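Asks:
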Amino acid sequence: MPTRRTFLAATAAATAGGLLLKHAHAQPVPDDEKVGFAIAGLGGYALNQILPNIANTRLCKVTALVTGDPDTKGRRVAEQYGVPRENVVTYDTIDQLRDRAGVDVLYVITPTGLHMQHTLAGFDAGLHVLCEKPMATDVAQCDRMIAAAEAAGRWLMIGYRVHYEPHNLRAMELAANGHVGPLRHFTGDISYNRRSDGSTWREDYELAGRGGPLMDLGVYMVNAARYITAAEPTRVAAYTHRPEGDPRFPPGIEARCTWQLEFPGNVTASSSTAYDMTNTNHFRVIGRDGWFAMEPATGYGGHRLLAETRGRDRGPADDIPAGNQFAAQLDHFAQCIKENRKPDTPGEEGRADVKVMRRIYEAAEAGEWLDV
Ligand code: NDP
Numbered sequence: 600m601p602t603r604r605t606f607l608a609a610t611a612a613a614t615a616g617g618l619l620l621k622h623a624h625a626q627p628v629p630d631d632e633k634v635g636f637a638i639a640g641l642g643g644y645a646l647n648q649i650l651p652n653i654a655n656t657r658l659c660k661v662t663a664l665v666t667g668d669p670d671t672k673g674r675r676v677a678e679q680y681g682v683p684r685e686n687v688v689t690y691d692t693i694d695q696l697r698d699r700a701g702v703d704v705l706y707v708i709t710p711t712g713l714h715m716q717h718t719l720a721g722f723d724a725g726l727h728v729l730c731e732k733p734m735a736t737d738v739a740q741c742d743r744m745i746a747a748a749e750a751a752g753r754w755l756m757i758g759y760r761v762h763y764e765p766h767n768l769r770a771m772e773l774a775a776n777g778h779v780g781p782l783r784h785f786t787g788d789i790s791y792n793r794r795s796d797g798s799t800w801r802e803d804y805e806l807a808g809r810g811g812p813l814m815d816l817g818v819y820m821v822n823a824a825r826y827i828t829a830a831e832p833t834r835v836a837a838y839t840h841r842p843e844g845d846p847r848f849p850p851g852i853e854a855r856c857t858w859q860l861e862f863p864g865n866v867t868a869s870s871s872t873a874y875d876m877t878n879t880n881h882f883r884v885i886g887r888d889g890w891f892a893m894e895p896a897t898g899y900g901g902h903r904l905l906a907e908t909r910g911r912d913r914g915p916a917d918d919i920p921a922g923n924q925f926a927a928q929l930d931h932f933a934q935c936i937k938e939n940r941k942p943d944t945p946g947e948e949g950r951a952d953v954k955v956m957r958r959i960y961e962a963a964e965a966g967e968w969l970d971v
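Okay, so the sequence shown: first residue is 600 according to the numbering used here, each after it adds one.
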C-alpha cells in the first residue's frame, strides 16, 4: 500500500511531465465522446477562468448552464458557448438535466454556503459533481455530500486546481523525496485587499460558509500544509482580527486570521490570510538541511519555485513544464468518469481542510491550543 506521500510523488512525476506531453501528442477526441459539463453559477470564476478554459481541455465540453438569471445572463453565455437554450436551467430546476443527452457533470461554482445544496441537487439529478473549494461550511455538510455521492453511485471531486499544476506537483515531490532533509516547518500567507461595500455573498455569514478569508483563501494554505507534509495536523492554535465599523467585516467575517498547526513527526506550520492587506501568495518549506519556496504559490499563473539546499541557492527551477491547471483539473475529472475511478481530489480531501478550518475558528475563539 503506497503512503499518500509516495503516491503524491508518483502522481507528481506522471502528471507534471507525462500527462502534459501525452496531451500534446494525443489524437483529438470527437465531440460526442467528450464529458459534458453543466456550469452552475455564472460568476467571476466561472466566466473568467472555467468557461474559457474548457476549450483548452481534451475531454470536456460545456453543455448546460445553471443560473439565477436564465433569461439575460444565461441566454448571453449560452449563445457565447453554444449551449442549447433548453439546457439553461435555474437552481430549482437542476433536476431537468436528468438523463439530458450530453450532460454528465454538474460543476458547482456558487457561494460556499450553497455548495452542499447544489451538490445534493446534482446527485439527485444523476450527475457527477465537481464542487469548488472550500467544499462546504462544516464537516457535517461534507459528510452529507460524500454520502450522497455514494448513494447515487456518482463521483465527487473538489476543485483543487493546484493539485493539477506542475509547480505545486514538483513542490510535493521535493517535500517527499528529502530534498530539504526531514521536514521541519511550513510557512505560508495568502491575502488581498478586498474592495466591497459589504453587499456581496462574501460578507454574508451563511453564504460565505460561516467565515471570512480563512474559508475563501486560507484554505489554500491549509491544503498546502497538508499536501507538503502529506500528513494531517494534530493540534491547532489561532487568532482572528476584525476591525469594528468596516462594512467588509460584519460579525463572523474576520479581516485577518493567523494559525499554527502541529503535525506528527516534529513538523510545524504557521500561516496567515487576510482580506485587508496587499496581495500575498507564497509558501516556504523548511527542512533540517535546506528549504524551497513558491511565489506565487497557488495563483492562476506565473508560479515560481525557488530552491536552496545546504546553503546553496539553486535559483528558480526552470525545467518545470508550463501547464494549464484549469484544463488539467477538468480533464482529470473527465478521465476519472470515463474510467469509473475516484478522482485525486475527492470529497475526503475537501472534508479534511474544512475540518481543520473549523478547528482554527474554534481555537481562535477558545484562545488556546486544541486537538484537531
Ligand atoms: P461570484 O460572486 O463572482 O459568483 C458567484 C455566482 O454564484 C453568482 O454570479 C451567481 O451566479 C451564483 N449564485 C447563486 N446563488 C447566489 C447567491 N445567493 N448570492 C450570490 N451569488 C449566487 O463568486 P466567485 O465566482 O468568485 O466564487 C464562486 C465559487 O468559486 C466560490 O465557492 C469560490 O470559493 C470559488 N472560487 C474558486 C476559485 C479557484 O481558484 N478555485 C477562484 C474563485 C472562486 P448566477 O447569477 O449565474 O446565478
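Every residue, glycine too, gets a C-beta built ideally from N, C-alpha and C.
The structure presented is a predicted model; accordingly, all values stated were derived computationally and were not measured.
Taking C-alpha atoms, which residue in Glu749, Ser869 and Met814 lies nearest to Gly851?
Replies: Translated into positions along the sequence shown, residue 851 becomes position 252. Taking only the C-alpha atoms, the option nearest Gly851 is Met814.
Asks: Could you pull out every unbroken alpha helix (DSSP H) segment of at least 4 residues lying fully inside the segment 672-748, listed in chain order?
Replies: Here the runs fully enclosed are 674-680 and 714-723.
Asks: Can you have a look at Glu967 and say buried or exposed, based on whether 16 or more other CB atoms are within 10 angstroms of its CB?
Replies: Position 368 of the sequence shown, counting from 1, holds the residue named residue 967. Classification for Glu967: exposed.
Asks: Determine, using beta carbons only, whether Thr786 and Phe882 come nearer to each other than 9 Å.
Replies: Numbered from its first residue, the sequence shown carries residue 786 at position 187. Numbered from its first residue, the sequence shown carries residue 882 at position 283. A contact, by the Cβ cut-off of 9 Å.
Asks: I believe Arg674 touches Asn686 by the beta-carbon criterion, under 8 Å. Please report the beta-carbon distance rounded to the nearest angstrom.
Replies: Here residue 674 refers to the residue found at position 75 when the sequence shown is read from its first residue. Here residue 686 refers to the residue found at position 87 when the sequence shown is read from its first residue. That belief does not hold up - the Cβ atoms of Arg674 and Asn686 are roughly 12 Å apart, past 8 Å.
Asks: I'd like the list of long-range same chain contacts for Asp952, defined as Cβ closer than 6 Å, with 5 residues on each side in sequence excluded.
Replies: As a working note, residue 952 is residue 353 in the sequence shown. Excluding positions up to five away in sequence, the list reads Val818, Val821 and Asn822.
Asks: Between Ala611 and Pro846, what straight-line distance do the alpha-carbon atoms span, to the nearest angstrom?
Replies: Taking the sequence shown and counting its residues from 1, one reaches residue 611 at position 12. Taking the sequence shown and counting its residues from 1, one reaches residue 846 at position 247. Low confidence applies here, because Ala611 scores a pLDDT of 42, under 50, leaving its location unreliable and the question unanswered by this model.
Asks: Tell me whether His714 counts as near the ligand NDP, meaning its Cβ is closer than 8 Å to at least one heavy atom of that ligand.
Replies: Numbered from 1 along the sequence shown, position 115 holds the residue referred to as residue 714. Flag set: Cβ of His714 near the ligand NDP.
Asks: Curious, which full-length alpha helix (DSSP H) runs of at least 4 residues does the segment 815-864 contain?
Replies: DSSP runs (the alpha helix (DSSP H)) wholly in the segment 815-864: 818-828.
Asks: When the Cβ atoms of the segment 898-905 are set against those of the segment 791-809, are three or more pairs found closer than 8 Å?
Replies: Result no; under three Cβ-Cβ pairs closer than 8 Å.
Asks: Do Met893 and Ala751 have their CB atoms nearer than 9 Å?
Replies: Position 294 of the sequence shown, counting from 1, holds the residue named residue 893. Position 152 of the sequence shown, counting from 1, holds the residue named residue 751. Cβ distance not < 9 Å, so Met893 and Ala751 don't count as in contact.
Asks: Counting pairs of Cβ atoms below 8 Å between the segment 647-654 and the segment 732-745, do you hit three or more?
Replies: Segments in contact, no.
Asks: Using 10 angstroms around the beta-carbon of Gln679, count the other beta-carbons present and answer buried if the total reaches 16, otherwise exposed.
Replies: Looking up residue 679 in the sequence shown gives position 80. Answer is exposed; the Cβ neighbour count stays below 16.
Asks: From the DSSP output, in three-state form, read off Tyr542 for me.
Replies: In this structure the chain extends from 600 to 971, so residue 542 is not present and cannot be described.
Asks: Could you name the residues of the same chain whose beta carbon sits closer than 6 Å to that of Ala724, not counting the 5 residues immediately before and after it, in chain order?
Replies: In the sequence shown, the residue the question calls residue 724 occupies position 125. Cβ within range, chain order: Ile693, Asp694, Leu696 and Arg697.
Asks: Could you check if Thr709 belongs to the surroundings of the ligand NDP, using beta carbon to heavy atom distance under 8 Å?
Replies: In the sequence shown, the residue the question calls residue 709 occupies position 110. Yes, the ligand NDP has a heavy atom inside 8 Å of this Cβ.
Asks: Does at least one heavy atom of the ligand NDP sit under 8 Å from the Cβ of Leu806?
Replies: Within the sequence shown, residue 806 is the residue found at index 207, counting from 1. Checking the Cβ of Leu806 against the ligand NDP gives yes.
Asks: Any idea what DSSP makes of Gly896, helix, strand or coil?
Replies: Residue 896 sits at position 297 when you count from the first residue of the sequence shown. Reading off the sequence, residue 896 comes out as Ala, not Gly. Note: Ala896 maps to coil in three-state DSSP.
Asks: Quick check on Gly914: buried or exposed, where buried means 16 or more other Cβ atoms within 10 Å of its Cβ?
Replies: Position 315 of the sequence shown, counting from 1, holds the residue named residue 914. Exposed, by the Cβ-count rule.
Asks: Hey, would you say Val897 sits closer than 9 Å to Asn767, going by beta carbons?
Replies: By 1-based counting over the sequence shown, the position of residue 897 is 298. By 1-based counting over the sequence shown, the position of residue 767 is 168. Reading the sequence as shown, one finds Thr at residue 897 and not Val. Yes, the Cβ-Cβ distance between Thr897 and Asn767 is below 9 Å.
Asks: Can you give the beta carbon distance from Val702 to Gly635, rounded, assuming they're within the 8 Å contact cut?
Replies: Position 103 of the sequence shown, counted from the start, is the residue given in the question as residue 702. Position 36 of the sequence shown, counted from the start, is the residue given in the question as residue 635. Confirmed, about 5 Å.
Asks: Please report the straight-line C-alpha distance between Tyr960 and Met756, rounded to a whole angstrom.
Replies: Taking the sequence shown and counting its residues from 1, the one referred to as residue 960 is at position 361. Taking the sequence shown and counting its residues from 1, the one referred to as residue 756 is at position 157. Those two C-alpha atoms are separated by around 25 Å.
Asks: Just reading off the alpha helix (DSSP H) that Asn652 is part of, what are its end residues?
Replies: Start at 1 with the first residue of the sequence shown, and residue 652 comes out as number 53. From DSSP, the alpha helix (DSSP H) with Asn652 extends over Leu650 to Ile653.
Asks: By the three-class DSSP mapping on this structure, what secondary structure does Gly752 have?
Replies: As a working note, residue 752 is residue 153 in the sequence shown. Correct three-state label for Gly752: coil.
Asks: Cβ of Arg760 versus every heavy atom of the ligand NDP: is any distance shorter than 8 Å?
Replies: Taking the sequence shown and counting its residues from 1, the one referred to as residue 760 is at position 161. Flag set: Cβ of Arg760 near the ligand NDP.
Asks: Between which residues of its own chain and Gly667 is the CB-CB distance below 7 Å, once the five residues before and five after are set aside?
Replies: Counting from one through the sequence shown, the residue named residue 667 turns up at place 68. Thr689 and Tyr690, listed in sequence order.
Asks: Is Pro733 near the ligand NDP, going by C-beta to nearest heavy atom under 8 Å?
Replies: Locating residue 733 in the sequence shown gives position 134, counting from the first residue. Yes; taking the cut-off as 8 Å, the Cβ of Pro733 has a heavy atom of the ligand NDP nearer than that.
Asks: Given 8 Å as the limit, tell me if Gln679 has its C-beta closer than that to any heavy atom belonging to the ligand NDP.
Replies: Walking along the sequence shown from the start, residue 679 turns up at place 80. No, since every heavy atom of the ligand NDP falls outside the 8 Å radius drawn around the Cβ of Gln679.
Asks: Taking 8 Å as the line, does the beta carbon of Lys954 fall inside it for any heavy atom of the ligand NDP?
Replies: Here residue 954 is taken as the residue at index 355 of the sequence shown, counted from 1. No; taking the cut-off as 8 Å, the Cβ of Lys954 has no heavy atom of the ligand NDP nearer than that.
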